[in-house]
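Here the structure is laid out as structure tokens; the discussion comes afterwards.
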Amino acid sequence: MSLEPEEAIETLKSTLTKKVDIGSFNDQYFVNIVAVGSIAEATSEVSPEQKTKFGPLAYVMEGVKTLASTTAYPLRIEYDDKVWEGDSFLFLAALTKSTAGFEKLAPEAKVNDGLLHCYVIKDVGVIRMASIITSVLQGTLKDDKDVEYFTAKKLHVGSSEKLHTNVDGEEGEPLPVEMEVLPSHIEVLVREEEF
86 MSLEPEEAIE
96 TLKSTLTKKV
106 DIGSFNDQYF
116 VNIVAVGSIA
126 EATSEVSPEQ
136 KTKFGPLAYV
146 MEGVKTLAST
156 TAYPLRIEYD
166 DKVWEGDSFL
176 FLAALTKSTA
186 GFEKLAPEAK
196 VNDGLLHCYV
206 IKDVGVIRMA
216 SIITSVLQGT
226 LKDDKDVEYF
236 TAKKLHVGSS
246 EKLHTNVDGE
256 EGEPLPVEME
266 VLPSHIEVLV
276 REEEF
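Sequential numbering from 86 applies to the sequence shown in the numbering used here.
Here it is, written out as structure tokens:
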């Protein structure tokens, strides 16, 4: 929903609805994104005041603080009938094209495509990570040579290390976790031009 009051009011007046996907995460739900890794854990520390004051930049600032001391962690991701295994700085599973104010994180994602759009940011140095952040801002993350991109309907994510998740911007459960898309699971109000 728009953050502009007049536009938000118009949406609330609408009688049009659209069915959209949501994600199942162990025994809870998510509507936007799940992240795994120490950078994801650090972004859980972003306060509501920081989010209000700095918007998406608040997450970048917290993530950059973590980069210098961050190492990649071993991950095993089982998805549909495939497996990805290796060291990763950060893993993202997105339901929608934007998150935390980043409008182009997963530009190929649709709210009702029945898919998780997954990005594994591999073991790279700090300088390469800065380039990857640029890819996030430009909407070209999936094309980066140090990023593994795939889509999935179901996921199991585990690690030999103790890693927590970040679910829709809040601290989530530790690994291992199960995720699944629930296609067209809820109905939301939309404005005509969004339909």
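Even glycine gets a Cβ: it sits at the ideal position worked out from N, Cα and C.
If you're wondering where the values come from, they're calculated on a predicted model, not measured in any experiment.
Residue state for K227 is assigned as helix, using DSSP reduced to three classes.
When DSSP states are grouped into helix, strand and coil, K103 belongs to the strand group. Around the beta carbon of T156, a 10 Å sphere encloses fewer than 16 other beta carbons of the protein chains shown; the residue is thus reported as exposed. Here V273 is bridged, per DSSP, to K103. The alpha carbon of D229 has as its nearest neighbour, out of D165, K247, S216, the alpha carbon of S216. The straight-line gap separating the alpha-carbon atoms of E193 and L180 is approximately 10 Å.
In this structure S183 is not in contact with V205, their Cβ atoms being roughly 20 Å apart against a cut-off of 8 Å. Take the alpha-carbon of L201 and the one of I94: they are about 30 Å apart. Approximately 18 Å separates the beta-carbon atoms of E263 and N117; this is outside 8 Å, ruling out the contact. The beta carbon of S245 is closer than 7 Å to those of P159 in its chain, skipping five residues each way along the sequence. Note on geometry: alpha-carbon atoms of V275 and E170 lie some 40 Å from one another. In terms of Cβ geometry, H249 and P259 form a close pair [threshold 7 Å]. Setting aside the 5 residues that flank it on each side, Y164 is surrounded in the same chain by A237, L240, each with a C-beta closer than 6 Å to its C-beta; the list follows chain order.
DSSP links N251 through a beta bridge to A120, E256. T96 has no beta-bridge partner at all, per DSSP.
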